[in-house]
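Structure first, commentary second.
Protein chains in written order, with full-length UniProt numbering: chain A, 1 to 653; chain B, 1 to 653.
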């Protein structure tokens, strides 16, 4: 696999990328201006009306700085880990001293809370000091360690400071000493995967082989019989943490069979995608083509059969899990923001290894739709669950739809999504370009200025676009040497009439795995790329029961939705006429400038319906209407109301 | 209220009715031939592959006949209570000695298990002797007492034997001494309503006022502040029984506000309807028009806004509860068989008090559809949950649809539905006629021979029909006196061209509250009644999001459904053409003779769809098809597969 052909592509270091994009800046600027400061207040329990995080307080107690009891969930430490990771990425763009000082304070605190043997976990240190590693099923120790590790690697990469990294290396060494196939070591693996991909990242900065060996061990051991988690709960020390785990099904955590036998995506969607990321990493590092095939099979199962049009996953509200092929209910699904982030991370790894643009198509879909629907335009409200159809009246507590929230929430008791969104937005740059020694893959159409080394060449790129509101971009490329560079421009699956001008001259590029390939010695050249991506009706595979007889609207990577504020109540009664082409309309004032879509259709009218009749033989009338759709990512940024992605189609003879 | 006009109607004693109906006998014969003997084996834990009931074993332990531990749920005693009640009704029709001997054995056993002070409940006697009445929220003591009471009254009415009744009178006396507004008594009420309607029944046979006073007390106390259940759980003795009640919302048990302020149906649907039954009883007995208005408001809220077309209720799988107006999802609902039985019992009471046929319309809908879908044609398999749309592949354990079973189950750990179906089928006669001193209301079109006293007159009725396969019935009426009798023949809401012949001559009856009223002195007369009830497309109020753009098929009281076995897989892709009248077709071989319905339509075809694409801009093709529908009550009697009630409509311009 490590032939020249299969040399893995790399992201450009975040320090080298400066994003200045009309569409994305409205979100990315939130990270530094709003989310990081707001989350800092949250971590310190200073936000009125938001559930307390307890997170820093726990570290202060564990560090011996104060007394008190542990607060929050067993994985509460990850809040600060994801905050630090977001801070690290933000510092790559702008080395803000006061923010860095705040991070250094937290890093010192974490170091103080670290046990002598390297162990870090405030829940087990404060609350259950005798129960370390006795409940891998629910304890989240390895999951939490993974997020801290990721943060430490990110902070080291951002600042060059080693303190956090060194702390975490001591912890990682303890983990490597504790777990493994050798006699005397624990033959366990995490109840929530995450440590595996984090150990790979640690290997990437340290080149210390034992870290990926342990990551591989966790993957290889997973699902062997007898099942570790089922055995663990028979031990005396086992103490149940979550009531819902009192009956445990190994498939929930992808431990039902060995990972190489897993060809369909099962169980908890976030656990699954984090594991698939590590599987891709290990497949590459160990040149394991069989494991790569497993990754491809899992990816295909998701995107061909188990993924929402918005790039979200997890069809069941209960256990936040995958269900079965084509089971994609729109109003009771989970579709967790974190799971889409996991899918994007998995897709990025697959793109790096295989150089196929189809992975980026899905990464882009997940980022433009579900990542962004997860956060309000004010940066202070978040969706955990991302349904495709919401009727607020029916989203009641203590019902089957209790998990569906009709408005974004301030923060959550289990606060994985908001900091995960923050770190993803702050590291958006990693998705734009992928490079090897001589090739530059241009994946996402996001305006930026970037400088980096390509072997001995220094390259300067400037990408300018108003995507997704229009579909042209100008790429300026400067290189200090006239050696050959290959530019690989992604042709997205939705692009029509894809055209390239090089310095004003049309260029007919060869196409390889979904990329337009251009060889040249770019000293100072300008490429103008244009394509069409008109708003279109999109249909689901007829096997998707929930979408049969319905159409969605997409324009480029953006899925559109109807909102009550534009279309009145009862969106379920709207029938769209797909024989009339939808019209695009740029609204400068809305959401800072957005292309809305207007379609024609009818509405099932309740006007002549006797309100005292629930069922009746007289058919309701149809009224002509105009339908207005906005990008799904912006829904619920004006007022609470109904929302709908899949619109009934006016099916004619 | 107790004016002549409002004198309550009464059912005819079951002993006097002999049902010999083509449609119903296939079920009612099951009661004696299959269900009662089968349930007897279940109660004795003799059925392989079925979850053990433990029920009689618990009584044997409580009676001191054997040692061992309590088994089953806290309300396990109700299994035998409902079995005895069904046996009692069966004995009304046919005084089978060996069955009666079996019942007497059980009654002796119950008496032996009774405590000295009258208390009966094997869970608390065996397992928690110190905790009597300390957990009304979850303990189900009063609920269990209620079912035993109902059984005892039924057995007394059937056989004239007092032993069981006397046992239960002692228990009822203890309950009346324990609960009430007086100082020193407990100011509590049941966590699951049932005792209230049972105490009214005990009053009806004993004429002992304290029983309805206590029933009224339970109703009046309910929902007063501070909430009894929330206070109870603060006490030391409180011991949580069900994990899901660790966070308790009083609305679940209709104790959130006083019952007279409850104008919408809320919470657990079975609890609700059992309470509404008692509210109607008490409204009548205390001539409480205000309470009757509350009952009417609750009824209207259910049937106008919260009831499925099949007469089932409970839109949420979680907590088996009502949700909100027009929230009627078809594939994730609970629609418990017991809740439809509760609705029928409530409707029967309202019909007795108000003499309005609209209540019987709903009773009939619940009985013909959901009661019967609850039981397989073999009498040995039962549905608890009655969805209107099932895709078996998606009904997976550990998902949001885990409560939906694609096939009827043998028995259940919490086995309320099967014995409830048995007692309902065995007491079907109570719904057919309602009478006062001089009026005979004919409600249901079920062939029967009936003899009874109407004040000083002896009346003989014979009703012959092949309803619902055709819509004619012949009513022969004989009376030994020529005093005036009023016959009130229900004109169902679905009847067209309703015609009456008396002794061959057309008769134009006056219509009162949905009944054709015929005064006469019927010595030996024959009425021939006919109406049309063709198969029709029915629509839901457009506010019902789940049914917008869809049509159901009904013929008379029967709701129809599509099954995979007749229509192929993926029923969601079927579009029915409602502009073409559906055709009826009598199939003699199917289900012992059934009218099936054939309609025309199209199917969204997957034939040209690239199976690797989940979403695509190319619209799937439509194919012409013929659609076959069968009565919903018969679904899943051939083979497992998809089922669908609400069919997408081919909506035309």
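No residue lacks a Cβ here, since even glycine has one placed at the ideal position from N, Cα and C.
Give me whichever residues DSSP pairs with residue i in a beta bridge.
| i | result |
| --- | --- |
| residue 448 (chain A) | A:19 and A:463 |
| residue 10 (chain B) | B:435 |
| residue 270 (chain B) | Partner(s): none; residue 270 (chain B) has no beta bridge. |
| residue 561 (chain B) | B:630 |
| residue 479 (chain A) | A:459 |
| residue 279 (chain A) | Answer by DSSP bridge pairing: none, since residue 279 (chain A) is not bridged. |
Would you identify the three-state DSSP class for residue i, choosing helix, strand or coil?
| i | result |
| --- | --- |
| residue 400 (chain A) | coil |
| residue 5 (chain B) | Confidence in residue 5 (chain B) is poor, its pLDDT being 46 and thus under 50, which makes the residue's placement too unreliable to answer from. |
| residue 228 (chain A) | helix |
| residue 537 (chain A) | strand |
| residue 636 (chain B) | coil |
| residue 642 (chain A) | coil |
| residue 603 (chain A) | strand |
| residue 86 (chain B) | helix |
| residue 506 (chain B) | strand |
| residue 286 (chain A) | coil |
| residue 260 (chain B) | helix |
| residue 34 (chain B) | helix |
| residue 692 (chain B) | Since the first residue shown for chain B is 1 and the last is 653, residue 692 (chain B) is missing from the structure and cannot be characterised. |
| residue 530 (chain A) | strand |
| residue 616 (chain B) | strand |
| residue 362 (chain A) | helix |
| residue 111 (chain B) | helix |
| residue 118 (chain B) | coil |
With 16 other CB atoms within 10 Å as the buried threshold, where does residue i fall?
| i | result |
| --- | --- |
| residue 450 (chain B) | buried |
| residue 397 (chain B) | exposed |
| residue 287 (chain B) | exposed |
| residue 48 (chain B) | exposed |
| residue 275 (chain A) | buried |
| residue 541 (chain A) | buried |
| residue 372 (chain B) | buried |
| residue 484 (chain B) | exposed |
| residue 365 (chain A) | buried |
| residue 634 (chain A) | buried |
Just to confirm, does residue i get its C-beta within under 6 Å of one of the non-hydrogen atoms of the ligand SAM?
| i | result |
| --- | --- |
| residue 410 (chain B) | Looking at this structure, you won't find the ligand SAM or any other ligand, since it has none at all. |
If you compare alpha carbons, which of the options is closest to residue i?
| i | options | result |
| --- | --- | --- |
| residue 36 (chain B) | B:87, B:242, B:58 and B:142 | B:87 |
| residue 252 (chain B) | B:138, B:527, B:360 and B:285 | B:138 |
| residue 508 (chain A) | A:133, A:329 and A:529 | A:529 |
| residue 62 (chain A) | A:50, A:120 and A:32 | A:120 |
| residue 304 (chain A) | A:362, A:226 and A:489 | A:362 |
| residue 167 (chain A) | A:146, A:199, A:107 and A:123 | A:107 |
| residue 613 (chain A) | B:539, B:342 and B:576 | B:539 |
| residue 232 (chain A) | A:79, A:532, A:134 and A:376 | A:134 |
| residue 217 (chain A) | A:199, A:642 and A:180 | A:180 |
When the distance is taken between beta carbons, is residue j closer than 7 Å to residue i?
| i | j | result |
| --- | --- | --- |
| residue 478 (chain B) | residue 460 (chain B) | yes |
| residue 320 (chain A) | residue 644 (chain A) | no |
| residue 202 (chain B) | residue 118 (chain B) | no |
| residue 194 (chain B) | residue 143 (chain B) | yes |
| residue 382 (chain B) | residue 408 (chain B) | yes |
| residue 197 (chain B) | residue 277 (chain B) | yes |
| residue 341 (chain A) | residue 424 (chain A) | yes |
| residue 565 (chain A) | residue 632 (chain A) | no |
| residue 575 (chain A) | residue 601 (chain A) | yes |
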